[in-house]
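**Q**
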Amino acid sequence: GLFGKREFKAVQDVNFELRRGHTLGVVGESGSGKTTMGLSLLRLHEPTGGEVIFDGRDILKLSDRERQPMRRRIQVVFQNPYASLNPRFTIGRALVEPMEIHAIGRDTAEREQRARELLVKVGLDGSAFGKYPHEFSGGQRQRVAIARCLTLNPDVLVLDEAVSALDVSVQAQVLNLLKDLQDEFGLAYVFISHDLAVV
């Protein structure tokens, strides 16, 4: 019919293995399915077929309840540092909230302490804790987004064009930060970009 659904395959025949501490670079032009693939790993986009095996389990077959612990272990840093943080939350609140949801830390004081430590780890000082997103540059907001992911002690970060909205000098700083964090925490990265030089 006129308004019938057409089947469209955004991603087809993609296979990869990702090991702890390693980076998988996914490069392609706009519209090639890079983001669709990355979001499918998190089930933020529901694939129509295939499997995503993580620690021996197909996360595409897990129930919502079974998937909850997996969500903590695979986190995403999105392209737009301006849209990825709630403008009504202080930076501290933005970092503490995921720890509350996933019951990380004994109490609020412990969660706040971890949030402050992570802000320092990503190159911001402790005063950032009480500020709001609009008080920061794009590069600083992206650092906050990275710290927010780290609050959950993830194994994998999906970095979806995570530096493409930043100017070149800030890109280099954030890329160096990501490399340092990978070395320190043994993180695996799925690094999605249209820019081969960045990958």
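First residue of the sequence shown: 786, per the working numbering; consecutive thereafter. Ideal Cβ placement from N, Cα and C applies to all residues, glycine included.
Determine which residues share a DSSP beta bridge with residue 873 and list them.
**A** Paired residue(s): none; residue 873 is not in a bridge.
**Q** Would you please state the rounded distance, in angstroms, between the beta carbons of residue 907 and residue 928? I believe it to be under 8 Å.
**A** 4 Å
**Q** Is the CB-CB distance between residue 829 and residue 837 below 8 Å?
**A** Taking 8 Å as the Cβ cut-off, residue 829 and residue 837 do not qualify as a contacting pair.
**Q** Considering Cα atoms alone, identify which of 971, 857, 917, 961 is closest to residue 886.
**A** 857
**Q** Could you tell me whether the region 953-964 touches the region 863-877, using the rule of 3 or more Cβ pairs below 8 Å?
**A** no
**Q** With a floor of 4 residues, list each alpha helix (DSSP H) that falls wholly inside the region 876-942, ordered by position along the chain.
**A** 876-886, 893-906, 923-935
**Q** Over the uninterrupted beta strand (DSSP E) stretch that includes residue 808, give me the two end residues.
**A** In this chain, the beta strand (DSSP E) harbouring residue 808 covers 808-812.
**Q** Determine, using beta carbons only, whether residue 773 and residue 903 come nearer to each other than 8 Å.
**A** Lying before the first or after the last residue shown, residue 773 is absent from the chain, which here runs from 786 to 984.
**Q** How big is the Cα-Cα spacing for residue 898 and residue 798?
**A** 44 Å
**Q** From this set, 843, 937, 819, 849, which residue's C-alpha is nearest residue 970's C-alpha?
**A** 937
**Q** Assuming residue 972 contacts residue 939 under a Cβ cut-off of 8 Å, what Cβ separation, rounded to an integer in Å, is found between them?
**A** 7 Å
**Q** For residue 976, does the count of other Cβ atoms within 10 angstroms reach 16, so buried, or fall short, so exposed?
**A** Buried, since its Cβ has 16 or more Cβ neighbours within 10 Å.
**Q** Excluding the 5 residues flanking residue 981 on each side, which residues of the same chain have their C-beta closer than 6 Å to its C-beta?
**A** 812
**Q** With burial defined as no fewer than 16 other Cβ atoms inside 10 Å of the residue's Cβ, what is the status of residue 831: buried or exposed?
**A** exposed
**Q** Is residue 839 helix, strand or coil by DSSP?
**A** strand
**Q** Are the CB atoms of residue 946 and residue 864 within a distance shorter than 8 Å?
**A** yes
**Q** Helix, strand or coil, according to DSSP, for residue 959 in the structure here?
**A** Three-state DSSP puts residue 959 in a helix.
**Q** Have a look at residue 876 and residue 957 and give me their C-alpha separation to the nearest angstrom.
**A** 23 Å
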